[in-house]
Each structure stands twice: as structure tokens, then as C-alpha cells.
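Numbering (this note's numbering), first residue to last: 30 to 174.
Given below as C-alpha cells:
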């Protein structure tokens with residue numbers, strides 16, 4: 030296979046699958062009565078794992094630029110899903126915390142994410158999934174700067 034065949038390149042296919050996953054997740058969230066984007070889902074899931082990171086650290090974890098994360102958080106604060114507090118260590122920085130309203134959504138968010146992942150992987154066996162995870166991690170590690 031020619032790795033530079035755009036339509037069949039691994040980078041294009043991985044990106045296409047990721048975009049499709051995000052679209053499907055947003056649809057599933059709306060269908061479940063949750064008016065959230067896939068980006069907001071990612072923020073809440075990340076904060077559920079580790080609450081209180083700096084905005085910079087959150088942006089790095091999500092592989093998004095800081096200005097994009099700021100816009101996402103602006104909307105989420107208006108929805109009372111997250112709150113930003115000035116960092117006690119660096120007054121120029123804010124830490125991000127999930128609110129009680131956001132915490133109450135976590136079970137439904139996990140369910141929606143699991144539903145979409147199961148749909149995406151329905152024809153793959155556990156060996157294929159493990160190989161794919163390993164391969165994607167190798168690609169990621171190879172591209173680390």
C-alpha cells in the first residue's frame with residue numbers, strides 16, 4: 030500500500046474515524062437529552078478523572094489549543110457544568126473544576142461514550158482492538174517531540 034495515497038492513508042483514516050466518532054457522540058448526547066458537544070463531553074470526562082487541573086494542563090491533556098479550551102469552558106461555565114478558580118500557585122492561571130451539576134451528568138456521559146464506542150467497534154474482536162490500541166500508541170510515541 031502506498032502510504033501517500035491520501036484517501037487510504039493511515040493518518041486520514043484515523044482522523045476520519047475520530048471525526049465520525051465525535052459526530053456520533055454529539056448525536057447520541059442530544060438523543061439522550063444532553064445538550065453537549067463532544068468537546069464538552071471530553072472536558073467533563075477529563076475533569077471526572079482528575080478535577081482541578083490548570084487550563085493549560087487541561088488543554089494539553091485534550092490536545093487542544095488554549096484559546097479553544099477557553100471558549101469551551103466559557104460556554105460550560107454558563108451551563109454551570111464547570112467553574113474556574115484562580116490558581117493559588119500562579120495567580121495568572123486558573124484551575125478548572127467540575128460542578129455538582131456536571132458530576133450528576135457523568136453516568137449518562139459514560140453511557141453515551143460507551144454506546145458510541147461499542148457501535149464503532151462492533152465488528153472487531155478483542156485481539157484486533159488490542160492490536161489497534163498498541164499500534165496507535167506506537168504512532169503517538171513516534172510523533173512525540
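We put the CB at the ideal spot given by N, CA and C, even for glycine.
Please read these numbers as outputs of a predicted model, since none were measured by experiment.
Close-in-space but distant-in-sequence residues of the same chain around residue i (CB under 6 Å, 5 per side omitted)
i	result
residue 124	81, 83, 114 and 116
residue 65	58
Buried/exposed call for residue i, threshold 16 Cβ in 10 Å
i	result
residue 166	exposed
residue 141	buried
residue 158	exposed
residue 43	exposed
residue 52	exposed
residue 130	exposed
Residue range of the unbroken beta strand (DSSP E) whose run includes residue i
i	result
residue 112	111-115
residue 44	From DSSP, residue 44 is part of no beta strand (DSSP E) but of the alpha helix (DSSP H) over 39-60.
Own chain partners of residue i with C-beta closer than 7 Å, once the 5 adjacent residues on each side are dropped
i	result
residue 134	63 and 73
residue 77	127 and 135
residue 150	158
Integer Cβ distance of residue i from residue j, believed to fall under 8 Å
i	j	result
residue 70	residue 138	6 Å
residue 87	residue 98	6 Å
Residue i, enclosing alpha helix (DSSP H) - first and last residue
i	result
residue 158	155-172
residue 103	95-107
Which residues DSSP lists as bridging residue i, in chain order
i	result
residue 126	112
residue 83	124
8 Å Cβ shell around residue i - same chain, five flanking residues per side excluded
i	result
residue 94	88
residue 153	161
residue 41	35
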